[in-house]
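Numbering (the numbering used here), first residue to last: 368 to 457.
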């Protein structure tokens with residue numbers, strides 16, 4: 368099953384990685400992009416807790432980088448929030 372909101376988040380993070388001003392930030396964003404892409408196509412989707420951990424990491428990176436990176440991370444966070452609205456629970 369494909370989860371399009373998570374795929375969109377992964378693409379936004381890949382774009383953010385391209386705009387990052389340090390290799391470390393770029394690597395962190397690519398790692399998050401890869402993980403969300405895997406979650407988008409996994410047999411079983413992520414729960415709220417797992418997505419919250421990703422959100423925490425992404426907020427940290429956005430705060431550190433600012434500018435275009437933060438804008439693209441915000442796009443990814445919007446997509447993650449969109450997906451979370453479809454989950455039961457919290």
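By construction, the Cβ of each residue, glycine as well, lies at the ideal position given by its N, Cα and C atoms. Predicted, not measured: the structure shown is a model, and the values here were computed from it.
Where residue 381 and residue 415 are concerned, what is the direct C-alpha to C-alpha distance, given to the nearest angstrom?
-> As a working note, residue 381 is residue 14 in the chain shown. As a working note, residue 415 is residue 48 in the chain shown. Their Cα atoms are separated by approximately 22 Å.
Per-residue burial, residue 405 [other beta carbons within 10 Å of its own, 16 or more giving buried] | Numbered from its first residue, the chain shown carries residue 405 at position 38. In summary, residue 405 is exposed, with fewer than 16 beta-carbon neighbours lying within 10 Å of its beta-carbon over all protein chains present.
Alpha carbon to alpha carbon, how far is residue 448 from residue 454?
-> Mapped onto the chain shown, residue 448 falls at position 81. Mapped onto the chain shown, residue 454 falls at position 87. If you take the alpha carbons of residue 448 and residue 454, they lie about 10 Å apart.
Going by alpha carbons, who is nearest to residue 436 out of 420, 379, 374?
-> Numbered from 1 along the chain shown, position 69 holds the residue referred to as residue 436. That would be 379, whose Cα lies nearest to the Cα of residue 436.
Check whether residue 370 and residue 407 have beta carbons under 8 Å apart = By one-based count along the chain shown, residue 370 stands at place 3. By one-based count along the chain shown, residue 407 stands at place 40. Going by C-beta atoms, residue 370 is nearer than 8 Å to residue 407.
Over the uninterrupted alpha helix (DSSP H) stretch that includes residue 429, give me the two end residues.
-> Taking the first residue of the chain shown as 1, we reach residue 429 at position 62. Segment 415-432, the alpha helix (DSSP H) holding residue 429.
Locate the alpha helix (DSSP H) running through residue 373, then write down its first and last residues.
-> Counting from one through the chain shown, the residue named residue 373 turns up at place 6. Per DSSP, residue 373 is one residue of the alpha helix (DSSP H) stretching across 371-386.
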